[in-house]
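Peer 1:
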Amino acid sequence: MENTDNRVITVGIFAQGGEDECMRSLDELARLVDTAGGVVFAAMSQLKNTPDASTYIGSGKLEELADICEKNGIKKIVFDDELTPAQIKNIENATDADVIDRSMLILDIFALHASSAEGKIQVELAQLKYTAPRLIGKGKDMSRLGGGIGTRGPGESKLEIDRRRLSQRISFLQKELKEIEKNRLTTRSQRDRSGIRKACIVGYTNAGKSTLLNLLTDAGILAQDKLFATLDPTTKKMILPSGISLLITDTVGFIRKLPHHLIHAFRSTLDEAVYSDFLVIVVDASDPECAEQMAVTDSILESLGASSKPRLYVFNKSDKCPCERLYDLRLMKSSLGRVVTLCATTGEGTDELIGQLEAMCRSDKTLEKFLFPYDEQSALNSLFKSSEIVSKTYTDDGVYVQAWVDKKTKGMYGKFITE
């Protein structure tokens with residue numbers, strides 16, 4: 001979306017009774033357009049129980065859309081759903097405008113914000129996989145990707161060359177990504193062996209996840225009031241007041257209708273949630289749609305296989321929460337288990353949050369007493385490396401230790417447990 005004229009028209013459809021949901025989705029689409037550098041000139045919605053197979057909105061509405069584009073010089077249209085190749089071709093032919101669907105727009109934003117080598121590969125792979133089935137020779141170049149794909153060769157049509165080059169590039173990127181994933185698995189294995197607890201910050205985009213990580217660890221991550229401001233995952237270590245070490249990872253935000261290819265391409269980084277000990281789910285308490293956003297988060301976590309992880313909910317942006325919504329939030333909090341209210345920008349609520357993080361780190365541990373004879377110092381040293389030590393006392397019989405230990409550690413040092 002880098003044209004001089006960056007005005008766009010957004011388009012969505014809704015079934016009977018679904019107009020409010022459609023308007024909310026179009027509002028979110030407008031924020032996506034803004035993040036991508038565009039400006040919404042107009043929003044169009046259509047009562048239609050199912051999308052038209054040829055034009056998505058129907059021939060009559062398409063004529064109306066084409067008329068608006070022609071009279072106002074609009075050259076870009078963004079649809080709030082995923083379009084088929086045929087729909088894209090027909091709409092572009094009728095309006096003489098570039099057609100982008102919601103998935104394309106999200107992929108464009110990810111491409112804008114990708115900074116690491118892994119992030120760039122993941123985004124390009126998702127873009128190519130999404131584009132491949134949409135190469136139908138619709139008369140327009142593949143300028144959206146800006147990848148220069150499609151050099152002519154004797155005996156081949158441009159469409160055939162495009163498809164061949166896409167296939168080759170996808171294969172190359174998949175191999176590159178596998179190498180990076182090997183390194184990520186090695187890093188995870190090292191973290192597992194260290195015995196340090198791991199938390200993963202997840203939640204809807206722009207809920208304040210990066211601001212929270214900055215608050216807890218001075219990570220210095222760019223935190224902006226825009227959708228998908230953070231793309232590449234960041235892991236930082238923090239030491240809790242009790243001395244417990246905790247690794248916290250900030251991940252890419254979730255959003256409704258997140259493209260399937262994007263989830264697949266970012267699987268290795270999204271799996272940080274799967275391999276964590278517990279999840280810190282950040283919720284924008286000031287957003288009237290926070291309940292729906294939590295449902296989207298739950299759905300994506302389930303698709304990743306992380307729905308059973310212990311959870312700590314952080315209701316962020318409490319300073320912006322209208323008074324009339326506090327009652328609804330109290331009802332929501334009462335059914336979720338561990339919940340804290342926070343303003344990550346001011347730090348209000350930080351003490352309660354840290355207390356809950358301490359509790360989460362100990363959620364599967366018990367406080368045990370051990371007696372290590374002086375000739376078992378190697379075992380004592382190992383316990384110190386893997387557990388949270390509360391006290392240590394030297395006596396004639398050996399070293400008495402109180403420590404928080406998990407079930408595995410308790411079994412390993414069971415012979416040293418004393419009353």
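Residues 1 to 419 in the working numbering are what the sequence shown spells out, letter by letter. The beta carbon of each residue, even a glycine, is placed where N, CA and C say it ideally should be.
1) Evaluate L26 with the Cβ neighbour count: other Cβ atoms within 10 Å of its Cβ, from every protein chain shown; 16 or more gives buried, anything less gives exposed.
2) Between E64 and L353, what straight-line distance do the alpha-carbon atoms span, to the nearest angstrom?
3) Which word fits Y218, buried or exposed, when buried means at least 16 other C-beta atoms lie within 10 angstroms of its C-beta?
4) Return the first residue and the last residue of the beta strand (DSSP E) that L47 is part of.
5) Can you name, in chain order, every residue of its own chain whose Cβ lies under 8 angstroms from the Cβ of K410, other than the five neighbours on each side?
6) Sorted by chain position, which residues of the same chain lie with C-beta nearer than 6 angstroms to F315's C-beta, five sequence neighbours on each side aside?
7) Have a look at G60 and K182 and give me their C-alpha separation to the nearest angstrom.
8) Tell me the DSSP bridge mates of C321?
9) So with Cβ pairs under 9 angstroms, would you call L215 a contact of chain D?
10) Rounding to the nearest angstrom, what Cα-Cα distance links K76 and Q127 in this structure?
11) Ends of the beta strand (DSSP E) at C69?
12) Hey, V390 and Q402: beta-carbon distance below 9 angstroms or not?
13) Kindly indicate which residue of R134, D52, Q356 has the alpha-carbon position closest to the one of F14.
14) Going residue by residue through the segment 276-301, where are the continuous beta strand (DSSP E) segments of at least 3 residues, counting only ones entirely within it?
15) Just to check my reading of the structure: L185 and I201 have Cβ atoms closer than 8 angstroms, yes? What is that Cβ distance to the nearest angstrom?
16) What residue from C361, I74, L270, K175 has the CA that sits closest to M238's CA?
17) With a cut-off of 8 angstroms, do at least 3 Cβ pairs link the segment 380-390 to the segment 257-264?
18) Pick helix, strand or coil for N421, following the three-state DSSP scheme.
19) Suppose you measure from the CA of M412 to the CA of G398; what does that come to, to the nearest Å?
20) Checking the sheet assignment: what are the DSSP bridge partners for D406?
21) Taking just the CA atoms, how far does V99 sit from I91?
22) For L247, list the residues DSSP reports as bridge partners.
23) In angstroms, rounded to a whole number, what distance separates the CA positions of D351 and D319?
24) Under 8 angstroms Cβ to Cβ from D271, same chain only, skipping five residues before and after it: list those, please.
25) Leaving aside the five residues before and after C321 along the sequence, list all residues of the same chain whose C-beta is less than 6 angstroms from its C-beta, in chain order.
26) Using C-beta distances below 7 angstroms, list every residue in its chain close to C290, excluding the 5 sequence neighbours before and after it, in chain order.
27) E124 and S103: beta carbons closer than 9 angstroms?
28) How many Å lie between I180 and T55 at the Cα?
29) With distance defined between alpha-carbon atoms, name the residue in C343, L105, I121, D364 nearest to T35.
30) Buried or exposed: where does T346 fall if 16 or more other Cβ atoms within 10 Å of its Cβ makes it buried?
31) How far does the alpha helix (DSSP H) with F110 in it reach, from first residue to last?
32) Note the first and the last residue of the continuous beta strand (DSSP E) segment covering I9.
33) Would DSSP call F228 helix, strand or coil?
34) For A30, collect the residues of the same chain with a Cβ closer than 8 angstroms to its Cβ; drop the 5 residues on either side in sequence, then sort them by chain order.
35) Tell me whether V399 sits in a helix, a strand or coil according to DSSP, three-state version.
36) Could you spell out where the beta strand (DSSP E) holding Y394 opens and where it closes?
Peer 2: In short, the structure shows the following:
1) buried
2) 53 angstroms
3) According to the sequence provided, residue 218 is Asp. The question's Tyr does not apply to it. Result: exposed.
4) 39-47
5) T366, E368, I417
6) V283, A285, T341
7) 53 angstroms
8) BP columns for C321 are empty, so no partner.
9) This model lacks chain D altogether; it includes just one protein chain.
10) 19 angstroms
11) No beta strand (DSSP E) contains C69, which is instead part of the alpha helix (DSSP H) from 59-72.
12) yes
13) D52
14) 278-284
15) Their Cβ separation, rounded to whole angstroms, is 21 angstroms, which puts L185 and I201 out of contact at 8 angstroms.
16) C361
17) no
18) This structure does not reach residue 421, given that the chain is present from 1 up to 419, and the question cannot be answered.
19) 19 angstroms
20) K365
21) 7 angstroms
22) K198, K237
23) 16 angstroms
24) L304
25) A285, S286
26) V283, D284
27) no
28) 41 angstroms
29) L105
30) exposed
31) 102-113
32) 7-14
33) coil
34) T10, V40, A43
35) strand
36) 388-394
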